[in-house]
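In the numbering used here, the protein residues as written are 255 to 358.
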């Protein structure tokens, strides 16, 4: 858990410092640094599942079980698959009208 906290601090601190400096001085950082600090902080959410999987045995075991279960359930013979059916806008509109009257 310490690694997760350290990762969060490393990723979010540059953005936090930048925002404090902007608030105190009223000056704007160069666009490239603003972009870099913002996306570094936002990318923390992207990296979290990978870090949990790498550092936490329990999370790794549960995620494997979940993925294997989903993969087994999705193994459908190709011959049974049918192409998607499309409805025209009038049919969709009529279905929408029917559902709207149920809630009135």
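Positions of the beta carbon are idealized from the N, C-alpha and C atoms, including for glycine.
Residues of its chain near residue i, where Cβ-Cβ distance is below 8 Å and the 5 sequence neighbours each way are ignored
i	result
residue 258	302, 305, 306, 309
residue 283	272, 275, 276, 291
residue 262	298
Inter-residue Cα distance where the pair is residue i and residue j
i	j	result
residue 311	residue 319	12 Å
residue 327	residue 299	29 Å
residue 363	residue 295	What is shown of the chain runs 255 to 358, which leaves residue 363 out entirely.
Cβ neighbours of residue i in the same chain (closer than 7 Å, five flanking residues each side left out)
i	result
residue 266	295, 298
Distance cut-off 7 Å: residue i Cβ against heavy atoms of the ligand FAD
i	result
residue 279	Looking for the ligand FAD in the displayed structure turns up nothing, as the structure carries no ligands at all.
key: Unbroken stretches of the beta strand (DSSP E), 3 residues or longer, contained in the region 299-327   = Entirely contained in the region 299-327, not one beta strand (DSSP E) run reaches 3 residues.
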